[in-house]
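Q:
2 protein chains.
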Amino acid sequence: MAVTAALIIIGNEVLSGRTRDANLQFIARRLVDIGIRLAEARVIADTEDAIIAAVNQCRAAHDFVFTTGGIGPTHDDITSRSVARAFGVALVRDPVALALLEKHYEGRDLNDARLKMADIPEGAGLIHNPVSKAPGFQIENVFVLAGVPSIMEAMFEGIKERLTGGEKVASITITAFIPEGDLAGPFGRLQEEFPAVEMGSYPFFRGGRLGSSLVLRSADGPALAAAAESLRAMIRDLGSEPEEDGEDGD
Amino acid sequence: MAVTAALIIIGNEVLSGRTRDANLQFIARRLVDIGIRLAEARVIADTEDAIIAAVNQCRAAHDFVFTTGGIGPTHDDITSRSVARAFGVALVRDPVALALLEKHYEGRDLNDARLKMADIPEGAGLIHNPVSKAPGFQIENVFVLAGVPSIMEAMFEGIKERLTGGEKVASITITAFIPEGDLAGPFGRLQEEFPAVEMGSYPFFRGGRLGSSLVLRSADGPALAAAAESLRAMIRDLGSEPEEDGEDGD
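Chains A and B are the protein sequences, given in the same order.
Heads up: the first sequence begins at 1 in our numbering, then just goes up one per residue.
Heads up: the second sequence begins at 251 in our numbering, then just goes up one per residue.
Following this line, the structure appears as structure tokens:
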């Protein structure tokens, strides 16, 4: 049984095109390493209704849910309050979070806006923020992280031991300068031959030439290796030379 | 009444972290120009169940739905078939699409895999693909586009006249080297003073200094201008100097 996760990106700034999300790719890659399949990601607006709906749908459907964004001090930071409502619990000032903020802002202005960052849903546990101290939190299977990539990444490193994955899926990417339409037939037959290996094809243009990136994924190492060997032979049969994409070979 | 859209990114390669999506930001920005609000975006797996569920949820909830990915010739390209099932219609070989492919592949191998790219849901209209000819399609309020950014962008330019937007939302971005926590109080009061203007704050680090990007959005031009003027005054009151971000000032 695959262990699955959903990512909820809370961000009007992504939906307006002002910023390009960077968190999805980081989290996706880390989850692959842990043996968790990212089954879906949603970019939603900074509204309470949207957050509550997405959190409740995703936490029922997946083993783990991650949210990014909306836990800062400004009025548009409504994630903590909305997640509390999604769980039907109160938002409470956490004494440990408060102490962290008091220490961090010692001698500076720990105003009401900043104090809001110590408010978490009742029953949630803190997620350490080594960068700017204001913590994230975990409630049941939902992990609420910052939106700023450097902070989100630091928080994620701290929660990895709480994430239990399933079988690790390894992948091999083989590219060839063969247009997809010329390899689709034999590639489809290869997929039928190796049902335990998930096979995807992604076209590319490089140096004015059309090619295909062929990605094989499986938790079954011997099947993956055998499928890759057959794929290399298939590419040579089609008169081309397979190239390996090292970064995916882990 | 705002005109809204959803984007469905069909892509295991995005969920695995292998590739970073580039289509969301392009479509988001184009929709802003047209007066359509991108209300949500979903990245889903290349499975029939996931595509059918996302298409049917999104087309019921929004004025327009765009999908990207999965309309090529390989076995993992299942978007057309899945969208047909979402609408409960047959997948049929379109004569115009077939003629386009016959012309494009004249003298080359127009095999079964490539012919699959002429199959669209019954009742759908074609979307022109000036790059590689294999068309996208529109069925009711759902626009099915290619996943390769250059092809998707060319397709999008061709459907713009079919997209009727509502009031155009303009935005002004003002940045200042003030930490969010120091401006959250007055910024929240500014939001209360201008309910017709949506105000968001995004922290940044630049040259070792902490600052905030403050984004104002509204379809009400005079309210937007007045709110921006008040925001500039607010920043000066806080002892800093407002900087304008030209690219958002359209």
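Think of the CB as a built atom: it goes at the ideal place given N, C-alpha and C, for glycine as much as any other residue.
#1: Using the three-state DSSP reduction, which class does B:D498 fall into: helix, strand or coil?
#2: Since A:R93 and A:D112 should fall inside the 8 Å C-beta cutoff, what is the C-beta to C-beta distance between them, to a whole number of angstroms?
#3: What is the C-beta distance between B:V315 and B:F393, in whole angstroms, given that I count them as a contact (C-beta under 8 Å)?
#4: At what residues does the alpha helix (DSSP H) containing B:D369 begin and finish?
#5: Along the chain, where does the alpha helix (DSSP H) containing B:R486 start, and where does it finish?
#6: So B:D344 contacts chain A; which residues on that side make the cut at Cβ distance below 8 Å?
#7: When the Cα atoms are used, what is the spatial distance from A:L216 to A:E198?
#8: For B:I323, return the contacting residues in chain A, with the cut-off set at a CB-CB distance below 8 Å.
#9: Is B:I294 close to chain A, meaning its C-beta is less than 8 Å from at least one C-beta of that chain?
#10: Does the CB of A:A227 have a neighbour CB from chain B at under 8 Å?
#11: Between B:A291 and chain A, is there a C-beta pair that is closer than 8 Å?
#12: According to DSSP, which residues form a beta bridge with B:A347?
#13: So the beta strand (DSSP E) A:A6 belongs to, where does it begin and stop?
#14: Go to B:V282, then tell me how far its alpha helix (DSSP H) extends in each direction, as first and last residue.
#15: When the cut-off is 8 Å and only beta carbons count, does B:N273 lie next to chain C?
#16: Please classify A:R189: is it buried, with 16 or more other beta-carbons within 10 angstroms of its beta-carbon, or exposed?
#17: Could you tell me whether the region 47-64 of chain A touches the region 298-310 of chain B, using the rule of 3 or more Cβ pairs below 8 Å?
#18: Nearest chain B C-beta to A:M199 closer than 8 Å, yes or no?
#19: Compare the C-beta of A:L38 against all C-beta atoms of chain B and say whether one is closer than 8 Å.
#20: By how many angstroms is the C-alpha of A:I10 removed from the C-alpha of B:K418?
#21: For A:A5, is the classification buried or exposed, using 16 other Cβ atoms within 10 angstroms of its Cβ as the cut-off for buried?
#22: Name, please, each residue of chain B whose Cβ falls closer than 7 Å to the Cβ of A:V144.
#23: Can you check whether the CB of A:P242 is closer than 8 Å to the CB of A:R232?
#24: Cβ of A:G188 less than 8 Å from any chain B Cβ?
#25: What are the boundary residues of the alpha helix (DSSP H) that B:V339 is part of?
#26: Tell me, please, whether the CB atom of B:V333 is closer than 8 Å to any CB atom in chain A?
#27: Under the rule that 16 or more other beta-carbon atoms within 10 Å means buried, what is A:T173, buried or exposed?
#28: For B:H378, tell me which candidate among B:A404, B:N262 and B:L488 has the shortest Cα-Cα distance.
#29: By a C-beta neighbour count over all protein chains shown, 10 Å radius and 16 as the cutoff for buried, is A:G88 buried or exposed?
#30: Quick check on the burial criterion: 16 or more other C-beta atoms within 10 angstroms. Buried or exposed for B:P345?
#31: Just to confirm before moving on: does the CB-CB distance between B:A252 and B:R287 stay below 8 Å?
#32: So, for B:E263: in the same chain, excluding its five sequence neighbours on each side, which residues have a beta-carbon less than 8 Å away from its beta-carbon?
#33: Determine, for A:S230, whether the minimum Cβ-Cβ distance to residues of chain B falls below 8 Å.
#34: Considering A:V148, what are the terminal residues of the beta strand (DSSP E) in which it resides?
A: In short, the structure shows the following:
#1: Counting from 1 along the second sequence, the entry for residue 498 of chain B is found at position 248. At B:D498 the pLDDT is 42, less than 50, meaning the model places this residue with poor confidence; the figure from the coordinates comes in the next sentence. Under the three-state reduction of DSSP output, B:D498 falls in the helix class.
#2: As a working mapping, residue 93 of chain A is identified with position 93 in the first sequence. As a working mapping, residue 112 of chain A is identified with position 112 in the first sequence. Contact doesn't hold; Cβ gap of about 11 Å is too wide.
#3: The sequence position of residue 315 of chain B within the second sequence is 65, counting from 1. The sequence position of residue 393 of chain B within the second sequence is 143, counting from 1. Yes, B:V315 and B:F393 are in contact; Cβ-Cβ is about 7 Å, under 8 Å.
#4: Here residue 369 of chain B is taken as the residue at index 119 of the second sequence, counted from 1. Here B:D369 belongs to no alpha helix (DSSP H); instead the beta strand (DSSP E) covers D369 to P371.
#5: On the second sequence, position 236 is the one that residue 486 of chain B refers to. First-last of the alpha helix (DSSP H) with B:R486: G471 to D487.
#6: As a working note, residue 344 of chain B is residue 94 in the second sequence. Chain A residues near B:D344: none, gap ~17 Å exceeds 8 Å.
#7: Position 216 of the first sequence holds residue 216 of chain A. Position 198 of the first sequence holds residue 198 of chain A. Distance between the alpha carbons of A:L216 and A:E198: 6 Å.
#8: Counting from 1 along the second sequence, the entry for residue 323 of chain B is found at position 73. For clarity, residue 323 of chain B is Pro in the given sequence; the question names Ile instead. Within chain A, the residues near B:P323 are E180, G181 and A184.
#9: As a working mapping, residue 294 of chain B is identified with position 44 in the second sequence. Closer than 8 Å: yes.
#10: The residue given as residue 227 of chain A occupies position 227 in the first sequence. Under the 8 Å criterion on CB atoms, A:A227 is classed as non-interfacial with respect to chain B.
#11: Residue numbering aside, residue 291 of chain B sits at position 41 when the second sequence is read from its first letter. So yes, B:A291 belongs to the interface.
#12: Taking the first residue of the second sequence as 1, we reach residue 347 of chain B at position 97. Paired residue(s): none; B:A347 is not in a bridge.
#13: As a first step, residue 6 of chain A is located in the first sequence; it is residue number 6 there, counting from the start. It spans T4 to I10 - the beta strand (DSSP E) in which A:A6 sits, taken as one unbroken run.
#14: Locating residue 282 of chain B in the second sequence gives position 32, counting from the first residue. N273 to I284 is the span of the alpha helix (DSSP H), which, as asked, contains B:V282.
#15: Among the chains of the structure shown, chain C does not appear; the protein chains present are A and B.
#16: Walking along the first sequence from the start, residue 189 of chain A turns up at place 189. With fewer than 16 other CB atoms across the displayed protein chains lying within 10 angstroms of its CB, A:R189 is exposed.
#17: Verdict: no, contact absent.
#18: As a working mapping, residue 199 of chain A is identified with position 199 in the first sequence. Taking Cβ atoms only, chain B reaches closer than 8 Å to A:M199, which makes this a yes.
#19: The sequence position of residue 38 of chain A within the first sequence is 38, counting from 1. True, the Cβ-Cβ gap to chain B drops below 8 Å.
#20: For the purposes of this step, residue 418 of chain B is taken as the residue at position 168 of the second sequence. For the purposes of this step, residue 10 of chain A is taken as the residue at position 10 of the first sequence. One C-alpha to the other measures close to 23 Å.
#21: For the purposes of this step, residue 5 of chain A is taken as the residue at position 5 of the first sequence. Buried.
#22: Reading the first sequence from its first residue, position 144 is the one you call residue 144 of chain A. In chain order: nothing, as chain B lies at least about 17 Å away.
#23: In the first sequence, counting from the first residue as 1, residue 232 of chain A sits at position 232. In the first sequence, counting from the first residue as 1, residue 242 of chain A sits at position 242. Yes.
#24: Working through the first sequence from its first residue, we reach residue 188 of chain A at position 188. Interface flag for A:G188 against chain B is set, since a Cβ pair is found closer than 8 Å.
#25: Working through the second sequence from its first residue, we reach residue 339 of chain B at position 89. Premise fails: B:V339 is in no alpha helix (DSSP H) and is neither H nor E.
#26: Position 83 of the second sequence, counted from the first residue, corresponds to residue 333 of chain B. Not one chain A Cβ lies under 8 Å of B:V333.
#27: As a working note, residue 173 of chain A is residue 173 in the first sequence. Classified as buried, A:T173 has 16 or more neighbouring CB atoms from the shown chains inside 10 Å of its CB.
#28: As a working mapping, residue 378 of chain B is identified with position 128 in the second sequence. Check the Cα spacing between B:H378 and each of B:A404, B:N262 and B:L488: the tightest is with B:A404.
#29: Numbered from its first residue, the first sequence carries residue 88 of chain A at position 88. Burial call: exposed.
#30: If you number the second sequence from 1, residue 345 of chain B lands on position 95. By the neighbour-count rule (16 or more Cβ atoms within 10 Å), B:P345 is not buried but exposed.
#31: In the second sequence, counting from the first residue as 1, residue 252 of chain B sits at position 2. In the second sequence, counting from the first residue as 1, residue 287 of chain B sits at position 37. Cβ distance < 8 Å, so B:A252 and B:R287 count as in contact.
#32: Residue 263 of chain B sits at position 13 when you count from the first residue of the second sequence. T269.
#33: Taking the first residue of the first sequence as position 1, residue 230 of chain A is located at position 230. With 8 Å as the cut-off, A:S230 does not count as an interface residue toward chain B.
#34: In the first sequence, residue 148 of chain A corresponds to position 148, counting from 1. DSSP places A:V148 in no beta strand (DSSP E); its state is neither H nor E.
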